[in-house]
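Asker:
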Amino acid sequence: MKKMENLNPYQIAQMQFDRAADKLDLEPWMREFLKTPDRNVSVDFPVKMDDGSVKMFTGYRVQHNNSRGPYKGGLRFSPKVSLDEVRALASWMTWKTALVDVPFGGAKGGVLCDPSKMSRAELERMTRRFTYEISDIIGPDVDIPAPDVNTDAQVMSWMLDTYSMGQRRDVFGVVTGKPTFLGGSHGRDEATGRGVVVIAMGAVKDEGLEPKGLTAVVQGFGNVGYHAARILVEKGVKIIGISDISTAIYNPDGIDVEDAKKYAKKNKLLLEGYDKAEHVSPKESILEVKTDILIPAALENQITMENAGDIKARFVVEGANGPTTPDADRILYEKGIIVVPDILANAGGVIASYFEWVQNIQREQWAYETVVGKLDEKLISAYRNTRNLAEKEKVDMRTAAYMIAIGRVAEATRTRGIFP
Ligand code: NAD
33 MKKMENLNPY
43 QIAQMQFDRA
53 ADKLDLEPWM
63 REFLKTPDRN
73 VSVDFPVKMD
83 DGSVKMFTGY
93 RVQHNNSRGP
103 YKGGLRFSPK
113 VSLDEVRALA
123 SWMTWKTALV
133 DVPFGGAKGG
143 VLCDPSKMSR
153 AELERMTRRF
163 TYEISDIIGP
173 DVDIPAPDVN
183 TDAQVMSWML
193 DTYSMGQRRD
203 VFGVVTGKPT
213 FLGGSHGRDE
223 ATGRGVVVIA
233 MGAVKDEGLE
243 PKGLTAVVQG
253 FGNVGYHAAR
263 ILVEKGVKII
273 GISDISTAIY
283 NPDGIDVEDA
293 KKYAKKNKLL
303 LEGYDKAEHV
313 SPKESILEVK
323 TDILIPAALE
333 NQITMENAGD
343 IKARFVVEGA
353 NGPTTPDADR
363 ILYEKGIIVV
373 PDILANAGGV
383 IASYFEWVQN
393 IQREQWAYET
403 VVGKLDEKLI
413 SAYRNTRNLA
423 EKEKVDMRTA
433 AYMIAIGRVA
443 EATRTRGIFP
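In my numbering, the protein residues as written are 33 to 452.
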């Protein structure tokens, strides 16, 4: 009988944790504690729609762990959000912040909605009401949301304003990913995509390759996918495939990333109908194109037991959170494909968010060059540590990254002790 693959993100996150924890000498209670989120908040709230009706929405904020600092993590708007998805994403944030050594814990939020079917005014009212619902558990020293799928600097500005109204003072540090004229940091917008490229270049170099002339395929053409594709082109890499929720495009001679972006901007952010490349059907098969670098930058569970055997890339660099299942991980490892895990590859965003938070506290704004210089330094250092441990322990990079992260959070927990 064909094996059924477990695609529950929370259970996948726990399997990834276990694989690394098995290699660490953790106390049994510590293992249980680190696997379990501190707080799972679920809220149901009404929003006035443009037609005068009132609709109920459900939102979540999960705070996984704050042993190393305030909870930190994005907020996504999607019709597919579930509590288990948010719990997985919150725990991945704990390991990410620990791995790149920023003084934060891990959290994540989500609201079940379809933003493509909502007006701007409806989105604003929903964002403000959700912020109000969770305002008791967020704050610059408590829990700091940021953009994720379908949320952006505008959504963060509404959150900042709503929270500040409640506090009767401006609290810029309550969210990151704000516009630069409202306490945002230069370089934050591109930071995740940039980080993906910095880490990909590290992996390429370690294999004795030069970026010039390599090819890449990017799944997802939003904040992470677009900036990753754009910066890869700057490094001399040719982008031969890009997909989004509407379609996948392919051109072996190279896609003009800026032209594709310009088209998408005028087309509700979609590549559907773009006529300077071939459209691939089904769009998921773009993942199986022969290329050097594959960057999943859309959603979870894209590389599974079903398609892992057909992946022909030499490097899979995870821009998205959780794009590869544990079964797929094993298959890719056996095929000798280098997988750079999400908690390392897409950590550029949270590092820049940390810089934004520091600038807000200091009432400063750093130059773009300062931000990217510090960002690259932190990323390269985390990549080196991960790669070195993977080689030393003869494990894949995901297991090595988790070992470093879990070790750091466990040490902080042990040293702080258990209250009371
Ligand atoms: P986004 O909303 O800006 O873009 C998402 C993109 O994915 C869109 O182009 C959308 O059309 C596409 N997409 C959705 N479903 C798809 C499918 N089935 N096939 C192909 N494409 C599809 O979101 P984002 O901020 O770029 O986030 C993308 C991923 O990166 C998520 O997993 C997110 O958690 C992760 N991430 C984001 C950040 C950040 O700073 N924004 C940081 C770390 C990780």
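Idealized CB from N, CA, C, for every residue including glycine.
#1: Between which two residues does the beta strand (DSSP E) holding Y282 run?
#2: Look up T336 in the DSSP assignment and say whether it is helix, strand or coil.
#3: Should K315 be counted as a contact of the ligand NAD given a C-beta to heavy atom distance under 7 Å?
#4: Work out the CA separation of Y386 and R446 for me, nearest whole Å.
#5: Determine whether the beta carbon atoms of A379 and L131 lie at a separation below 8 Å.
#6: Suppose the cutoff is 6 Å on Cβ atoms and the five residues either side in sequence are ignored; what does the same chain contact list for R93 look like?
#7: Does any C-beta atom of chain C lie closer than 8 Å to the C-beta of I287?
#8: Where does the unbroken alpha helix (DSSP H) through H259 begin, and where does it stop?
#9: Can you give me the Cβ contacts of E332 inside the same chain, cut-off strictly under 6 Å, excluding the 5 residues immediately before and after it?
#10: Which residues does DSSP list as the beta-bridge partners of H96?
#11: Closer than 7 Å to a non-hydrogen atom of the ligand NAD - does that hold for the CB of A138?
#12: Short check: CB of A292 to CB of I272, under 8 Å?
#13: Express the C-alpha separation of D133 and T126 in angstroms, rounding to a whole number.
#14: Under 8 Å between the Cβ atoms of I327 and V427?
#15: Excluding five sequence neighbours on each side, which residues of the same chain lie with their C-beta closer than 6 Å to the C-beta of V207?
#16: Would you identify the three-state DSSP class for Q397, choosing helix, strand or coil?
#17: For the segment 138-158 and the segment 93-112, state whether three or more C-beta atom pairs, one from each stretch, are separated by less than 8 Å.
#18: Within its chain, find whatever has a CB closer than 7 Å to the CB of P243; leave out the 5 residues flanking it on each side and keep chain order.
#19: Measuring only from the beta carbon, is Q352 closer than 7 Å to any heavy atom that is part of the ligand NAD?
#20: On the DSSP letters alone, give me the boundaries of the alpha helix (DSSP H) that D324 sits inside.
#21: Is it buried or exposed, M88, if we count other Cβ atoms within 10 angstroms and call 16 or more buried?
#22: Does the ligand NAD have a heavy atom nearer than 7 Å to the CB of N182?
#23: Which of the three DSSP states is assigned to S85 in this structure?
#24: Any heavy atom of the ligand ATP closer than 7 Å to the CB of P211?
#25: Within its chain, find whatever has a CB closer than 6 Å to the CB of L144; leave out the 5 residues flanking it on each side and keep chain order.
#26: Per DSSP, what kind of secondary structure is Y306 in: helix, strand or coil?
Answerer: This is what the structure holds:
#1: Walking along the sequence shown from the start, residue 282 turns up at place 250. Start and end: A280 to Y282.
#2: As a working mapping, residue 336 is identified with position 304 in the sequence shown. In this structure, T336 counts as coil in the three-state DSSP scheme.
#3: Position 283 of the sequence shown, counted from the first residue, corresponds to residue 315. At least one heavy atom of the ligand NAD is nearer than 7 Å to the Cβ of K315, so yes.
#4: Translated into positions along the sequence shown, residue 446 becomes position 414. Translated into positions along the sequence shown, residue 386 becomes position 354. For R446 and Y386, the distance between alpha carbons rounds to 24 Å.
#5: Position 347 of the sequence shown, counted from the first residue, corresponds to residue 379. Position 99 of the sequence shown, counted from the first residue, corresponds to residue 131. Cβ distance < 8 Å, so A379 and L131 count as in contact.
#6: Against the sequence shown, residue 93 aligns to sequence position 61. These residues qualify, in order along the chain: V73, G141 and I166.
#7: Going by chain labels, chain C is absent from the structure shown, which holds only one protein chain.
#8: Counting from 1 along the sequence shown, the entry for residue 259 is found at position 227. From DSSP, the alpha helix (DSSP H) with H259 extends over N255 to E266.
#9: On the sequence shown, residue 332 is found 300 positions in, with the first residue counted as 1. Here the set comprises P41 and G354.
#10: By 1-based counting over the sequence shown, the position of residue 96 is 64. In DSSP, H96 forms no bridge with anything.
#11: Sequence index remark: in the sequence shown, residue 138 carries index 106 (1-based). Note on identity: in this sequence residue 138 is Gly, with Ala being the wrong assignment. No; taking the cut-off as 7 Å, the Cβ of G138 has no heavy atom of the ligand NAD nearer than that.
#12: Along the sequence shown, read from residue 1 onward, the residue named residue 292 stands at position 260. Along the sequence shown, read from residue 1 onward, the residue named residue 272 stands at position 240. For A292 and I272, no; Cβs fall outside 8 Å.
#13: Translated into positions along the sequence shown, residue 126 becomes position 94. Translated into positions along the sequence shown, residue 133 becomes position 101. Taking the straight line joining both Cα atoms gives about 10 Å.
#14: Counting from 1 along the sequence shown, the entry for residue 327 is found at position 295. Counting from 1 along the sequence shown, the entry for residue 427 is found at position 395. No; because the gap between Cβ atoms is not below 8 Å, this pair is not in contact.
#15: Translated into the one-based positions of the sequence shown, residue 207 becomes position 175. Cβ within range, chain order: P177, M188, M191 and L192.
#16: As a working note, residue 397 is residue 365 in the sequence shown. Coil, per DSSP.
#17: yes
#18: Working through the sequence shown from its first residue, we reach residue 243 at position 211. So the list reads M233, V236, K267, G268 and V269, once near-sequence residues are dropped.
#19: Here residue 352 is taken as the residue at index 320 of the sequence shown, counted from 1. Strictly speaking, residue 352 in this sequence is Ala, with Gln absent from that position. Indeed, a heavy atom of the ligand NAD lies less than 7 Å from the Cβ.
#20: Numbered from its first residue, the sequence shown carries residue 324 at position 292. Unbroken run through D324: none, as it is neither H nor E.
#21: Along the sequence shown, read from residue 1 onward, the residue named residue 88 stands at position 56. Exposed.
#22: Indexing the sequence shown from 1 puts residue 182 at position 150. Yes, since a heavy atom of the ligand NAD falls inside the 7 Å radius drawn around the Cβ of N182.
#23: Taking the sequence shown and counting its residues from 1, the one referred to as residue 85 is at position 53. Note: S85 maps to coil in three-state DSSP.
#24: Questions concerning the ligand ATP fall outside what the structure shown contains, since the ligands it does hold are the ligand NAD.
#25: For the purposes of this step, residue 144 is taken as residue 112 along the sequence shown, with counting starting at 1. Contacts found: T90 and V113.
#26: For the purposes of this step, residue 306 is identified with residue 274 of the sequence shown, where counting begins at 1. DSSP places Y306 in coil when its eight states are reduced to three.
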